[in-house]
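There are 2 protein chains.
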Amino acid sequence: MNNIISLDKVSGILVCEAGCILENLDSFLLNEGFIMPLDLGAKGSCQIGGNVSTNAGGLRYVRYGSLHGSILGLEVVQANGTVLDMLGTIRKDSTGYDLKQLFIGSEGSLGIITKVSILTPPRLSSTNLAFLACKDFFSCQKLLSESKRKLGEVLSAFEFLDNQSMDMVLTYLDGVRNPLPPSVHNFYVLIETTGSNETHDKEKLEAFLLHSMESGLISDGVVAQDINQASSFWRIREGITEALMKAGAVYKYDLSLPVEKMYNLVEKMRIRLGQRAKVLGYGHLGDANLHLNISTPEYDDTVLAQIEPFVYEWTSSHRGSISAEHGLGLMKANKIHYSKSPETVELMISIKKLLDPNRILNPYKVLPHSLVQE
Amino acid sequence: MNNIISLDKVSGILVCEAGCILENLDSFLLNEGFIMPLDLGAKGSCQIGGNVSTNAGGLRYVRYGSLHGSILGLEVVQANGTVLDMLGTIRKDSTGYDLKQLFIGSEGSLGIITKVSILTPPRLSSTNLAFLACKDFFSCQKLLSESKRKLGEVLSAFEFLDNQSMDMVLTYLDGVRNPLPPSVHNFYVLIETTGSNETHDKEKLEAFLLHSMESGLISDGVVAQDINQASSFWRIREGITEALMKAGAVYKYDLSLPVEKMYNLVEKMRIRLGQRAKVLGYGHLGDANLHLNISTPEYDDTVLAQIEPFVYEWTSSHRGSISAEHGLGLMKANKIHYSKSPETVELMISIKKLLDPNRILNPYKVLPHSLVQE
Numbered sequence: 000m001n002n003i004i005s006l007d008k009v010s011g012i013l014v015c016e017a018g019c020i021l022e023n024l025d026s027f028l029l030n031e032g033f034i035m036p037l038d039l040g041a042k043g044s045c046q047i048g049g050n051v052s053t054n055a056g057g058l059r060y061v062r063y064g065s066l067h068g069s070i071l072g073l074e075v076v077q078a079n080g081t082v083l084d085m086l087g088t089i090r091k092d093s094t095g096y097d098l099k100q101l102f103i104g105s106e107g108s109l110g111i112i113t114k115v116s117i118l119t120p121p122r123l124s125s126t127n128l129a130f131l132a133c134k135d136f137f138s139c140q141k142l143l144s145e146s147k148r149k150l151g152e153v154l155s156a157f158e159f160l161d162n163q164s165m166d167m168v169l170t171y172l173d174g175v176r177n178p179l180p181p182s183v184h185n186f187y188v189l190i191e192t193t194g195s196n197e198t199h200d201k202e203k204l205e206a207f208l209l210h211s212m213e214s215g216l217i218s219d220g221v222v223a224q225d226i227n228q229a230s231s232f233w234r235i236r237e238g239i240t241e242a243l244m245k246a247g248a249v250y251k252y253d254l255s256l257p258v259e260k261m262y263n264l265v266e267k268m269r270i271r272l273g274q275r276a277k278v279l280g281y282g283h284l285g286d287a288n289l290h291l292n293i294s295t296p297e298y299d300d301t302v303l304a305q306i307e308p309f310v311y312e313w314t315s316s317h318r319g320s321i322s323a324e325h326g327l328g329l330m331k332a333n334k335i336h337y338s339k340s341p342e343t344v345e346l347m348i349s350i351k352k353l354l355d356p357n358r359i360l361n362p363y364k365v366l367p368h369s370l371v372q373e
Numbered sequence: 000m001n002n003i004i005s006l007d008k009v010s011g012i013l014v015c016e017a018g019c020i021l022e023n024l025d026s027f028l029l030n031e032g033f034i035m036p037l038d039l040g041a042k043g044s045c046q047i048g049g050n051v052s053t054n055a056g057g058l059r060y061v062r063y064g065s066l067h068g069s070i071l072g073l074e075v076v077q078a079n080g081t082v083l084d085m086l087g088t089i090r091k092d093s094t095g096y097d098l099k100q101l102f103i104g105s106e107g108s109l110g111i112i113t114k115v116s117i118l119t120p121p122r123l124s125s126t127n128l129a130f131l132a133c134k135d136f137f138s139c140q141k142l143l144s145e146s147k148r149k150l151g152e153v154l155s156a157f158e159f160l161d162n163q164s165m166d167m168v169l170t171y172l173d174g175v176r177n178p179l180p181p182s183v184h185n186f187y188v189l190i191e192t193t194g195s196n197e198t199h200d201k202e203k204l205e206a207f208l209l210h211s212m213e214s215g216l217i218s219d220g221v222v223a224q225d226i227n228q229a230s231s232f233w234r235i236r237e238g239i240t241e242a243l244m245k246a247g248a249v250y251k252y253d254l255s256l257p258v259e260k261m262y263n264l265v266e267k268m269r270i271r272l273g274q275r276a277k278v279l280g281y282g283h284l285g286d287a288n289l290h291l292n293i294s295t296p297e298y299d300d301t302v303l304a305q306i307e308p309f310v311y312e313w314t315s316s317h318r319g320s321i322s323a324e325h326g327l328g329l330m331k332a333n334k335i336h337y338s339k340s341p342e343t344v345e346l347m348i349s350i351k352k353l354l355d356p357n358r359i360l361n362p363y364k365v366l367p368h369s370l371v372q373e
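If you're matching them up, the sequences are chains C and W in order.
0 is the number of the first residue of the first sequence in numbering that gives the first Met the number 0; add one for each residue after it.
0 is the number of the first residue of the second sequence in numbering that gives the first Met the number 0; add one for each residue after it.
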């Protein structure tokens, strides 16, 4: 189940089996002049079928968008054993209902994805990465707005981490250093550009950084001079979860919120927990996706009681999503009502019963089990 | 039903009622620094609710992709009167099934869309348009491949028309002239770029055109010097349907096919019909979407018998779509099997019965009526 079936070199449409490792697909495409439209920290082990089933997001989302847009076709095995051939290899198709969409992000609970057809963007020749410091979260937001206009079409990633996340990485990961010493800054932003002309891209990025420095939006910054330095910048952002695992217990929340309210939740959580925990905020700012991670020496139910249900209630009251890119799985199946209306959940249950009447596909996941069983 | 509800000026997320006219939304956004991710010839009269229901494509598709990617939320009234609030205003959400996708492109047959939340891209400052001539369809394809790499991130439209389409426009529309006289070329291509830096964009486009001229991919070409000239170029491409209506009867097919096989169908149709009809090929080459239009002085069943079912059979045998961006409606409901497998159609029927058991929503459309009624 890990074979590449075809690549259309004019359109960039890749067809492969669901067991292909994301990084292997990216390496294959690189030689052919294309890239995968998604990139995750777990790329070395995750499989494309799982990426599609969980509607994975990741670092390239701000540029290439959702899998609901880039997946062109799927082959799915239904609960009754029927194979659904929806493996289209064309960009546009308006014949009947777009059923493949139901299987994107449904975590295997409606059918098992066995083959994937995906639109892959052309590989562009020039990539630049800047590591920047901002004094407050408002400056990060403002920087995002400005970058969408000034960097426009070349912006390919806009990530942020707070000072607490930086501390965690510096403390627990070997060989990592802060590219912007010796000052301590409150927030760090990574801006990546990808384009077809090195000179143009560098000019755009430099003009943007100069302007942002002059206007006070950024307090310091450095542009990676080579691929090794770029990797060392990414290591900081991508190493946060590894550092957290080394630090002890961790409570993880993957939330989507309106940008301007996003960091308020981190600050509120810090006040709630005081000295009992380290509260980290980082994530895909370009997509308004916050990773709120709470680190304690060991798991502690009284800490958990301070976090939940508060974190879900607060997110729900701001019309956010309690799972931006990681699905609901087992642990959050009963929490779906924080993000979805009762009528919507009811229709989900009806569809689950229609496609999997005997409840054999990934049981107890995604939807509240009590409702599915009724 | 034509009110704008909100616009988040950091993220570009627009929420509006379904009756808003597409062009009005685009004008509203223009002042706020954003644009709609879709643009159609019918923009002055079509409504966003209809655009979403029919999964409309159009001119910006090559850049901003499908509505399945850019629609963030919907409010839908179900057949039983229940209002489904799926009006999310966040980019990422992986809580349960993405039910709104079912209503995108289902032509009102599963529910009525009443409100729309959509991600709108930032308005970029620089737009350029080139009108080019190619000697054959292979050169058009090659030009597309090259433009995806060399123009990469600034490419915003790649349209083509054949010589027969140009003739039709020149004959039937007042005040339209061929920008590339006096030679007669076989194919014409419009390439639009949109970016954040006028100087960079012009440099990219000029270098690309020079290279394409030298390598013989294009035989002639002109870049619009101002907005009036750009409009006159677009008038040719967008005026084809109007010219066809003035010419007499027209048989229209909106097909999606692998790029390299796309124009073969036009040539085969010309041979089948001989002197009895004019056969035009044009469309969104960047998305492999062919508009095959056949013009006769008046409607003639013997001509139709030469066209159908051949056109559907040929498309089906090349795994194409018999409706790329116009839906199935009433006329093509019974033709769904040319593009979808029996198992997939069966599941569509089950979903139709689940959501609309009394068959009151847009009856006779999309799916074969005999199957829905069973």
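Every residue, glycine too, gets a C-beta built ideally from N, C-alpha and C.
Bounding residues of the beta strand (DSSP E) (the contiguous stretch that carries residue i)
i, result
"W/GLY220", "219-222"
"C/LEU455", "A question about residue 455 of chain C goes unanswered here, because the residues of chain C that appear run from 0 up to 373."
"C/VAL82", "82-85"
"C/GLY48", "Not the beta strand (DSSP E): C/GLY48 falls in the alpha helix (DSSP H), residues 47-52."
"C/LYS339", "No beta strand (DSSP E) contains C/LYS339, which DSSP labels as neither H nor E."
Any C-beta of chain W under 8 Å from that of residue i
i, result
"C/ASP166", "no"
"C/SER182", "no"
"C/ARG90", "yes"
"C/GLU307", "no"
"C/GLY95", "yes"
"C/GLN100", "yes"
"C/ILE335", "yes"
"C/GLU213", "no"
"C/GLU342", "yes"
"C/GLU312", "no"
Cutoff 8 Å: residue i Cβ touching any chain C Cβ
i, result
"W/ASN127", "no"
"W/PRO121", "yes"
"W/ASN288", "yes"
"W/GLY104", "yes"
"W/SER5", "no"
"W/LYS339", "yes"
"W/MET85", "yes"
"W/GLY32", "yes"
"W/ILE350", "yes"
"W/GLY347", "Residue 347 of chain W is actually Met in this sequence, not Gly. By this cut-off, W/MET347 is an interface position."
Buried versus exposed, by CB contacts within 10 Å (16 or more), residue i
i, result
"C/ALA242", "buried"
"C/GLY72", "buried"
"W/VAL51", "buried"
"W/LEU329", "exposed"
"W/THR170", "exposed"
"C/LYS277", "buried"
"C/ASP225", "exposed"
Delimiting residues of the alpha helix (DSSP H) encompassing residue i
i, result
"C/LYS267", "258-272"
"C/SER164", "162-171"
"C/LEU209", "197-213"
With contact counted as at least three CB pairs below 8 Å, one residue from each stretch, are the segment 145-154 of chain W and the segment 254-270 of chain W in contact?
no
Between the segment 219-236 of chain C and chain W, which residues of the former have a C-beta closer than 7 Å to a C-beta of the latter?
none
Check each residue of the segment 316-331 of chain C: if its Cβ is closer than 7 Å to any Cβ of chain W, include it; give the result in chain order.
ARG318, GLY319, SER320, ILE321, SER322, ALA323, GLU324, HIS325, GLY326, LEU327
Tell me which residues of the segment 187-211 of chain C have at least one Cβ-Cβ distance to chain W shorter than 8 Å, keeping chain order.
THR193, GLY194, SER195, ASN196, HIS199, GLU202, LYS203
If the cut-off is 8 Å on Cβ atoms, which residues from the segment 138-150 of chain C count as contacting chain W, listed in chain order?
GLN140, LEU143, SER144, LYS147, ARG148, LYS149, LEU150
Three or more beta-carbon pairs under 8 Å between the segment 186-200 of chain C and the segment 125-140 of chain C, yes or no?
yes
Scan the segment 52-72 of chain W for residues whose Cβ lies nearer than 8 Å to a Cβ of chain C and list them as they occur along the chain.
THR53, ASN54, GLY56, TYR60, GLY64, SER65, HIS67, GLY68, SER69
Is there contact between the segment 149-165 of chain W and the segment 250-259 of chain W, where contact requires at least three CB pairs shorter than 8 Å?
no
Tell me whether the segment 91-104 of chain W and the segment 99-111 of chain C touch, counting them as touching only if at least three CB pairs, one residue from each stretch, are closer than 8 Å.
yes
Would you list, in chain order, the members of the segment 245-265 of chain C that have their beta-carbon closer than 9 Å to a beta-carbon of chain W?
ASP253, SER255, LEU256, PRO257, VAL258, GLU259
Below 8 Å, how does it come out for the segment 48-68 of chain W and the segment 109-123 of chain W: are there three or more Cβ pairs, yes or no?
yes
Is the segment 201-210 of chain C close to the segment 280-299 of chain C, with three or more CB pairs under 8 Å?
Short answer: they don't touch.
Quick test of the definition: if touching needs 3 or more C-beta pairs under 8 Å, does the segment 128-137 of chain W touch the segment 212-227 of chain W?
yes
Should the segment 343-357 of chain W be called in touch with the segment 109-116 of chain W, which here means at least 3 C-beta pairs below 8 Å?
yes
With a threshold of 8 Å, are at least 3 pairs of Cβ atoms found where one atom belongs to the segment 34-43 of chain W and the other to the segment 14-21 of chain W?
yes
Hey, is the segment 356-372 of chain C in contact with the segment 3-13 of chain W, meaning 3+ C-beta pairs nearer than 8 Å?
no
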